[in-house]
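Some notes on the structure that comes next.
Number of protein chains: 2
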Amino acid sequence: MNIRPIDQRLKELEALCREHNTPCTLQRRLVLETVLGRRDHPSADQVYEDVAGRSPGISRATVHRTLDFLVSLGLVSRACHPGHVARFDAITENHHHLVCMHCDQMIDFEDCDLPELKLPDASDSGFEVTGYRVQFRGICRECRERAGSTI
Amino acid sequence: MNIRPIDQRLKELEALCREHNTPCTLQRRLVLETVLGRRDHPSADQVYEDVAGRSPGISRATVHRTLDFLVSLGLVSRACHPGHVARFDAITENHHHLVCMHCDQMIDFEDCDLPELKLPDASDSGFEVTGYRVQFRGICRECRERAGSTI
DNA sequence: CTGCCTGCAAACGATTTGCACCAGC
DNA sequence: GCTGGTGCAAATCGTTTGCAGGCAG
Chain A
398 MNIRPIDQRL
408 KELEALCREH
418 NTPCTLQRRL
428 VLETVLGRRD
438 HPSADQVYED
448 VAGRSPGISR
458 ATVHRTLDFL
468 VSLGLVSRAC
478 HPGHVARFDA
488 ITENHHHLVC
498 MHCDQMIDFE
508 DCDLPELKLP
518 DASDSGFEVT
528 GYRVQFRGIC
538 RECRERAGST
548 I
Chain B
398 MNIRPIDQRL
408 KELEALCREH
418 NTPCTLQRRL
428 VLETVLGRRD
438 HPSADQVYED
448 VAGRSPGISR
458 ATVHRTLDFL
468 VSLGLVSRAC
478 HPGHVARFDA
488 ITENHHHLVC
498 MHCDQMIDFE
508 DCDLPELKLP
518 DASDSGFEVT
528 GYRVQFRGIC
538 RECRERAGST
548 I
């Protein structure tokens, strides 16, 4: 759960940009700084609002593109789920899912020997916890075969 | 992880509709049957495709409304996350989140004594698991206070 | 100087909403 | 017969894309 200091992350960004032969633009720095500076998992639009406050010219499209870019570098991750359409589930009890990060397919994960998690006490934060979901993320067979060894 | 038989679920739907003084329409039955009959967490559009095959007149809007209705009854749950906008996270390691099911706010959950989950072997299903997220779902303080005791 | 990134605006896809009609109770 | 659920179409919201111009390397 360690967040490295922002400066160090910006250095990582510069190094990774160099490594990928792609410019380390002001916008990329600003978007990364913004995500690092928040602990509430902002949406793309919230990042846009923040960044636009400091750099008025920026466009929403750039924020989206930049976030995707940062995810592809591994500097930022997508909270929630990879795709963006709502999905529904006939099982209302707590259980686990396997999610493919390439094609967004999502299946139940049955035969695991994971312990039933006890609901934690999050009352410090004011939260009343009523259930949970565990999302195991990875790559499904089809996507692995399709992509060969390039992943 | 027990799915009750479809007939029993349909009975539950009828009972709950009666209890809420709202009609148990054909569309509601069809949508519920469809979600129960699939184990792959269909999106609203996939449910629509299925239902439209059996009942050509149905509209997408009704499928959305019906799914929301079934979720509110507790017969179906939303997989992934409650809202539908992508959210980003500066922490790329495995960790836990608290998600408010009312306002969709999402925060990190730090001080929990949950064990680090070992990545399960899901190779039967062809999945290569690379990470996980645990979503604890509940109601945040503000939403609880705002709603009073009506939740 | 060159290529890629950016800003803009239009396109797109999923979901929501307003309204007239129809079906369940 | 009333109420509220449905179908349709338009509106909305988040995200993506095509293209001309600007900036990092």
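Sequences listed follow chains A and B, in order. Under the numbering used here, the first residue of the first sequence is numbered 398, with each subsequent residue one higher. Under the numbering used here, the first residue of the second sequence is numbered 398, with each subsequent residue one higher. C-beta: ideal position from N, C-alpha, C; glycine also. All of these numbers come straight from a predicted model, not from anything done at the bench.
Environment of residue i [buried if 16+ CB atoms lie within 10 Å]
{"i": "A/D486", "result": "buried"}
{"i": "B/S520", "result": "exposed"}
{"i": "B/Q405", "result": "exposed"}
{"i": "A/T431", "result": "buried"}
{"i": "A/D447", "result": "buried"}
N-terminal and C-terminal residue of the beta strand (DSSP E) that residue i is part of
{"i": "A/A476", "result": "S474 to A476"}
{"i": "B/V526", "result": "E525 to I536"}
Chain B within 9 angstroms of residue i, Cβ atoms only
{"i": "A/H478", "result": "yes"}
{"i": "A/A458", "result": "no"}
{"i": "A/L413", "result": "no"}
{"i": "A/F466", "result": "no"}
{"i": "A/T527", "result": "yes"}
is_contact[residue i, chain A] using C-beta, thresh 9 angstroms
{"i": "B/G535", "result": "yes"}
{"i": "B/H393", "result": "Coverage of chain B is limited to positions 398 through 548, which leaves residue 393 of chain B absent and any answer about it impossible."}
{"i": "B/R426", "result": "no"}
{"i": "B/L495", "result": "yes"}
Contact set between residue i and chain A, taken where Cβ atoms lie within less than 7 angstroms
{"i": "B/G450", "result": "None at all; the shortest Cβ gap to chain A is about 17 angstroms."}
Distance between residue j and residue i (C-alpha atoms, nearest Å)
{"i": "B/I548", "j": "A/G523", "result": "Because the pLDDT of B/I548 is 38, which lies under 50, any placement of that residue in the model is unreliable, and the question is left without a value."}
{"i": "A/S474", "j": "A/C540", "result": "20 angstroms"}
{"i": "B/E411", "j": "B/C421", "result": "6 angstroms"}
{"i": "B/P517", "j": "A/D505", "result": "13 angstroms"}
{"i": "A/Q502", "j": "A/Y445", "result": "29 angstroms"}
{"i": "B/G454", "j": "B/D442", "result": "15 angstroms"}
{"i": "B/S546", "j": "A/L467", "result": "Any reading at B/S546 is ruled out, since the residue's pLDDT is 42, under 50, leaving its predicted position unreliable."}
{"i": "B/L472", "j": "B/T463", "result": "11 angstroms"}
{"i": "B/E513", "j": "B/R451", "result": "45 angstroms"}
Proximal chain B residues relative to residue i, where beta-carbon distance stays under 7 angstroms
{"i": "A/H499", "result": "Chain B residues near A/H499: none, gap ~11 angstroms exceeds 7 angstroms."}
8 angstroms Cβ cut-off: residues of chain B touching residue i
{"i": "A/G523", "result": "C537, R538, E539 and R541"}
{"i": "A/D442", "result": "V482"}
Contacts that residue i makes with chain A (C-beta to C-beta distance below 8 angstroms)
{"i": "B/S469", "result": "Here the premise fails: no neighbours, minimum Cβ distance about 12 angstroms."}
{"i": "B/P439", "result": "R484 and F485"}
Boundaries of the alpha helix (DSSP H) in which residue i is found, first to last residue
{"i": "A/C500", "result": "Per DSSP, A/C500 belongs to no alpha helix (DSSP H) and is neither H nor E."}
{"i": "B/D465", "result": "R457 to L470"}
Within chain B, partners of residue i - CB distance below 9 angstroms
{"i": "A/D505", "result": "M398, R436, D437 and H438"}
Chain-ordered neighbours of residue i on chain A, where CB pairs are closer than 9 angstroms
{"i": "B/L433", "result": "A487"}
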